[in-house]
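In this note's numbering, each residue's number is its place in the sequence shown (first place is 1) plus 697.
Even glycine gets a Cβ: it sits at the ideal position worked out from N, Cα and C.
Fair warning: this is a prediction, and the values are worked out from it, not measured in the lab.
Written out below as structure tokens is the structure these notes cover.
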Amino acid sequence: MKKKMVLTALLALLVLSGHSFAREANGPMVATGARMPVSVTSDKMEAISNENLVIFRGNVVATEDFTLCSDELQIRYSETHDVKEIEASGNVRIFKDDKTSTSDKAVYDRVERKIILTGRPQVKQCTDTIKGDRITVFLDEDNAIIEGDKGGRVKAVIMPEKKCPEAVREKGTSEEARCKGPR
Numbered sequence: 698m699k700k701k702m703v704l705t706a707l708l709a710l711l712v713l714s715g716h717s718f719a720r721e722a723n724g725p726m727v728a729t730g731a732r733m734p735v736s737v738t739s740d741k742m743e744a745i746s747n748e749n750l751v752i753f754r755g756n757v758v759a760t761e762d763f764t765l766c767s768d769e770l771q772i773r774y775s776e777t778h779d780v781k782e783i784e785a786s787g788n789v790r791i792f793k794d795d796k797t798s799t800s801d802k803a804v805y806d807r808v809e810r811k812i813i814l815t816g817r818p819q820v821k822q823c824t825d826t827i828k829g830d831r832i833t834v835f836l837d838e839d840n841a842i843i844e845g846d847k848g849g850r851v852k853a854v855i856m857p858e859k860k861c862p863e864a865v866r867e868k869g870t871s872e873e874a875r876c877k878g879p880r
């Protein structure tokens with residue numbers, strides 16, 4: 698039993714290591730987008746190898762080319778151990794560049810490089826805020842589709858002459874420290 702748990706944990710680490718890379722022209726191997734490794738820390742991890750699933754619980758911090766924080770995170774992977782989908786739930790916060798997204802649930806399709814936010818989703822950039830019933834963020838295009846509630850309404854607050862010191866992360870701030878802030 699203990700040997701099986703160790704093998705399952707090693708399999709989970711192998712899956713999360715992100716072994717795909719792209720080569721720059723005449724340059725070194727570099728990770729790009731969905732080919733970047735996914736790094737996850739949490740209080741607890743459970744690997745269910747027969748379902749190609751790894752579940753992280755408690756103070757979850759996942760990083761790729763963005764940082765995702767949540768109470769729980771499920772990673773689904775293919776038979777070839779490539780990460781296909783990441784589902785976060787509970788107090789979800791996503792930090793990418795100068796944008797902060799929050800919601801109750803987020804589903805990241807790693808192949809299509811899009812994140813679907815549901816459950817009180819909002820995206821903030823500097824002092825501007827967008828809210829809707831469902832927000833789909835396209836990571837590679839740096840754009841989003843905001844869908845309204847049953848009445849079809851979305852809300853955007855765009856502030857004139859903004860000064861955004863909070864949008865620039867202080868040097869040395871760890872991913873965990875960013876996740877501990879209020880939602």
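Just tell me which of the options has its CA closest to the CA of residue i.
i: Arg754; options: Ser739, Pro818, Leu765; result: Ser739
i: Phe763; options: Val851, Ile843, Asp837, Ile842; result: Asp837
i: Glu769; options: Glu782, Met742, Glu776, Thr799; result: Met742
i: Asp830; options: Ile783, Asn788, Ala874, Thr815; result: Thr815
i: Asp825; options: Thr797, Ala803, Val804; result: Thr797
i: Leu765; options: Phe792, Ala853, Thr777, Ala874; result: Phe792
Do you know offhand how far residue i's Cα is from residue j's?
i: Ile855; j: Lys847; result: 23 Å
i: Ala744; j: Val737; result: 13 Å
i: Val820; j: Asn749; result: 31 Å
i: Ile812; j: Ile752; result: 18 Å
i: Ala785; j: Gly849; result: 25 Å
i: Ser775; j: Glu809; result: 15 Å
i: Asn840; j: Ser746; result: 35 Å
i: Met733; j: Phe835; result: 16 Å
i: Thr799; j: Cys861; result: 19 Å
i: Asp801; j: Val757; result: 14 Å
i: Ala803; j: Glu858; result: 31 Å
i: Glu761; j: Ala853; result: 28 Å
i: Gly787; j: His778; result: 26 Å
i: Ala759; j: Glu873; result: 9 Å
Is the beta carbon of residue i sitting closer than 8 Å to the one on residue j?
i: Cys823; j: Asp794; result: no
i: Arg773; j: Cys876; result: no
i: Asp806; j: Glu844; result: no
i: Thr833; j: Ile842; result: yes
Since I believe residue j is in contact with residue i (beta carbons under 8 Å), could you give me their beta-carbon distance rounded to a whole number of angstroms?
i: Val735; j: Val780; result: 6 Å
Are the C-beta of residue i and some C-beta of chain B separated by less than 8 Å?
i: Ala744; result: Absence of chain B from the displayed structure is noted, only one protein chain being present.
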